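Enquirer: Residue numbers (my numbering): 1015 to 1080.
Just so it is clear, CB atoms sit at the ideal spot from N, CA and C, and this is done for glycine as well.
A quick note: this is a predicted structure, and the numbers were derived from the prediction, not measured.
Below you will find the structure I want to go over with you.
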């Protein structure tokens, strides 16, 4: 059971690090969050990524998704 939980946390860490790299966010920070929280950190990552995009775009801009 402990090995299963450790494996899930390790995989989550790698996935979160990869997603952070692709989004241009801090890789070490998100890999550590993935290691500590596991899959529960994914909604936190999505929210942070959305706020980072809005912050980079500035006020009053609109993003068009194709």
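1. Might you give, ordered along the chain, the residues of its own chain that have their beta carbon closer than 7 Å to the beta carbon of residue 1040, omitting 5 neighbours on each side?
2. For residue 1029, which residues in the same chain have their Cβ closer than 7 Å to its Cβ, ignoring the five residues on either side in sequence?
3. Helix, strand or coil: which one does DSSP assign to residue 1048?
4. Out of 1017, 1027, 1016 and 1074, point me to the one whose CA is closest to residue 1050's CA.
5. Just curious, the alpha helix (DSSP H) that residue 1071 is in, first and last residue?
6. Taking 7 Å as the cut-off, is the beta-carbon of residue 1070 closer than that to any non-hydrogen atom of the ligand HEM?
7. Under a Cβ-count criterion, where at least 16 other Cβ atoms within 10 Å of its own Cβ denotes burial, should residue 1045 be classed as buried or exposed?
Expert: Reading from the atomic positions:
1. 1034
2. Cβ neighbours of residue 1029 beyond the five flanking positions: 1048.
3. helix
4. 1027
5. Counting along the chain, the alpha helix (DSSP H) containing residue 1071 begins and ends at 1055-1071.
6. In the structure on display, the ligand HEM does not appear, and there are no ligands present to speak of.
7. buried
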